[in-house]
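Trainee: In numbering that gives the first Met the number 0, the protein residues as written are 0 to 314. Cβ coordinates follow ideal geometry from the N, Cα and C atoms, glycine included. Keep in mind the model is a prediction, meaning the values are calculated, not measured.
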Amino acid sequence: MNYEEEMKTKDNASTVMQFVLLGFSDLPDLQGLLFGVLFIVYTIILIGNSLLIILTRIDTALQTPMYFFLANFSSLEICFVSVTIPRILKNLWTQERSISKMQCATQMCFFHMLGATECFFLASMAYDRYVAICNPLHYPVVMNHRKCVHMAVAAWISGIPVQIGQTCQVFLLPYCGSNQINHFFCDIPPLIKLACGDTSLNEMCVYLVALFFAFIPFGLILGSYVKIISTILKLPSATGRFKAFSTCSSHLLVVILFFGSITINYLRPKSSHSAGTDKLFSLFYAIVTPLFNPLIYSLRNKDVIAALRKLLLRK
Numbered sequence: 000m001n002y003e004e005e006m007k008t009k010d011n012a013s014t015v016m017q018f019v020l021l022g023f024s025d026l027p028d029l030q031g032l033l034f035g036v037l038f039i040v041y042t043i044i045l046i047g048n049s050l051l052i053i054l055t056r057i058d059t060a061l062q063t064p065m066y067f068f069l070a071n072f073s074s075l076e077i078c079f080v081s082v083t084i085p086r087i088l089k090n091l092w093t094q095e096r097s098i099s100k101m102q103c104a105t106q107m108c109f110f111h112m113l114g115a116t117e118c119f120f121l122a123s124m125a126y127d128r129y130v131a132i133c134n135p136l137h138y139p140v141v142m143n144h145r146k147c148v149h150m151a152v153a154a155w156i157s158g159i160p161v162q163i164g165q166t167c168q169v170f171l172l173p174y175c176g177s178n179q180i181n182h183f184f185c186d187i188p189p190l191i192k193l194a195c196g197d198t199s200l201n202e203m204c205v206y207l208v209a210l211f212f213a214f215i216p217f218g219l220i221l222g223s224y225v226k227i228i229s230t231i232l233k234l235p236s237a238t239g240r241f242k243a244f245s246t247c248s249s250h251l252l253v254v255i256l257f258f259g260s261i262t263i264n265y266l267r268p269k270s271s272h273s274a275g276t277d278k279l280f281s282l283f284y285a286i287v288t289p290l291f292n293p294l295i296y297s298l299r300n301k302d303v304i305a306a307l308r309k310l311l312l313r314k
């Protein structure tokens, strides 16, 4: 590239002060339906997760380490979906899809910070189940309130420095071509596609960060469940085995949904990326998992159902 072309590229890059989130613009006849469905989903997520938080606060039977982490996880899910869904609803309602560079960077940063937090909370919840099933006599000592608080704080702040750095790295790239993001929120892969110049370093960083925040927690979860399953299989009674496994099955289902979708979305080869598949897998970890969280943990948990009944009878 000669000097004139290089200067032109820099001039063009400096003019990109906002992006356009295409979202579901390829489905013009379904904008109203999509708005209605997403609004209902968002309402269910807010009510369901808020109800879990309230139940864990007012019911003494739910004031244990497992439900302490569940309450934090529900709070996280509310924050997680609130980063993306309100903006999607606004775009669908007004058909005004532009987003400033600063707003885009803020959305992306918070989305990935909260995603990293979710990974570590799922690992913390797996560790809690491991101690409860494999070392039940030491459970009150090992999982004391102070340790639970420390683990929760570490999960909440774990992704902040890394994701701020990664966001700055992405938005320091020159954007000299199209400003149309073929996605429904600001995410790293579609933004890197818009950048001009060499993005290999950014792509490598995406893989490294995804490996760190996905594979390390998933490895801890996998190790915990290997120990948990081997312990459950040694229990003498079928009733005991069923009860022990039922306390883990809800968490395991959320783990599979969340880690499966983010692994496919961020770690599959670049050649297999397409806007359609990116949107599909993003829907799973950005919207479907937070929607299923309260349903999975309430419908499959007798303690939560009992607490809900008590609350309704009190009302």
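Evaluate Trp92 with the Cβ neighbour count: other Cβ atoms within 10 Å of its Cβ, from every protein chain shown; 16 or more gives buried, anything less gives exposed.
Mentor: exposed
Trainee: Residues bridged to Gln17 by DSSP?
Mentor: Ser99
Trainee: From the DSSP secondary-structure annotation, give me the bridge partner or partners of Gln179.
Mentor: Note: Gln179 sits in a beta bridge opposite Val19.
Trainee: Using a Cβ-Cβ cutoff of less than 8 Å, which residues in the same chain neighbour Glu3 once the five nearest sequence positions on both sides are dropped?
Mentor: With a pLDDT of only 42 at Glu3, under the threshold of 50, the placement of this residue in the model should not be trusted; the figure read from the coordinates follows. Answer for Glu3: no residue qualifies.
Trainee: Would Ser97 be called buried (16 or more neighbouring beta carbons within 10 Å of its own) or exposed?
Mentor: exposed
Trainee: Considering only residues of the same chain and omitting the five flanking positions on each side of Thr198, which have a CB-CB separation below 6 Å?
Mentor: Ile191
Trainee: I'd like the list of long-range same chain contacts for Cys185, defined as Cβ closer than 6 Å, with 5 residues on each side in sequence excluded.
Mentor: Cys103, Gln106, Met107
Trainee: Relative to the C-alpha of Thr166, which residue among Gln179, Val208, Val152, Met150 is closest?
Mentor: Val208
Trainee: Identify, in the order they occur along the chain, each residue of the same chain with its Cβ nearer than 7 Å to the Cβ of Tyr129, setting aside the five sequence neighbours on each side.
Mentor: Ser223, Lys226, Ile227
Trainee: Look at the Cβ atom of Met121, then the Cβ atom of Val254, and state whether they are nearer than 7 Å.
Mentor: Checking the sequence shown, residue 121 turns out to be Leu, not Met. Against a cut-off of 7 Å, the Cβ pair of Val254 and Leu121 comes out as a contact.
Trainee: When you compare each of Tyr41, Thr63, Ile44 to His144 by their alpha carbons, which one comes out closest?
Mentor: The option with the nearest alpha carbon to His144 is Thr63.
Trainee: For Phe68 versus Met124, is the C-beta spacing smaller than 7 Å?
Mentor: yes
Trainee: Is it buried or exposed for Glu117, if we count other Cβ within 10 angstroms and need 16 for buried?
Mentor: buried
Trainee: Specify the secondary structure class of Gly158 as computed by DSSP and reduced to three states.
Mentor: In the structure shown, Gly158 sits in coil (DSSP, three-state: anything other than H, G, I, E or B).
Trainee: Is DSSP giving Cys185 helix, strand or coil here?
Mentor: Assigned with DSSP and collapsed to three states, Cys185 falls in coil, not helix or strand.
Trainee: Just verifying my parser: in three-state terms, what is the DSSP assignment at Leu234?
Mentor: coil
Trainee: Which residues in the same chain have their Cβ closer than 8 Å to the Cβ of Asn1, if we skip the five residues on either side of it in sequence?
Mentor: At Asn1 the pLDDT is 44, less than 50, meaning the model places this residue with poor confidence; the figure from the coordinates comes in the next sentence. So the list is empty, once near-sequence residues are dropped.
Trainee: Roughly how many angstroms lie between the CA atoms of Ile43 and Tyr296, to the nearest whole one?
Mentor: 14 Å
Trainee: Leaving out the 5 sequence neighbours to the left and right, which residues in its chain are closer than 7 Å to Asp302 when beta-carbon positions are compared?
Mentor: Ala60, Leu61
Trainee: CB-CB under 6 Å to Ala131, same chain, minus the five flanking residues each way: which ones, in chain order?
Mentor: Contacts found: Tyr138.
Trainee: Terminal residues of the continuous alpha helix (DSSP H) containing Ile52?
Mentor: Boundaries of the alpha helix (DSSP H) around Ile52: 30-57.
Trainee: Identify which residue in Val141, Ser249, Thr55 has its Cα closest to the Cα of Asp127.
Mentor: Among Val141, Ser249, Thr55, the Cα nearest to that of Asp127 belongs to Val141.
Trainee: CA-CA distance, Leu310 and Gln162?
Mentor: 40 Å
Trainee: Comparing alpha-carbon positions, which option in Ser74, Leu256, Gln17, Leu54 lies nearest Arg308?
Mentor: Leu54
Trainee: What does the alpha-carbon distance come out to for the pair Phe283 and Tyr174?
Mentor: Put simply, the backbone Cα of Phe283 is about 29 Å away from that of Tyr174.
Trainee: Do you know how far the Cα of Ser24 is from the Cα of Leu45?
Mentor: 26 Å
Trainee: Alpha helix (DSSP H) containing Tyr284: first to last residue?
Mentor: Segment: none, Tyr284 is in no alpha helix (DSSP H) and carries neither H nor E.
Trainee: Determine the DSSP secondary structure at Ser24, reduced to helix, strand or coil.
Mentor: coil
Trainee: How is Met142 classed by DSSP in three states: helix, strand or coil?
Mentor: coil
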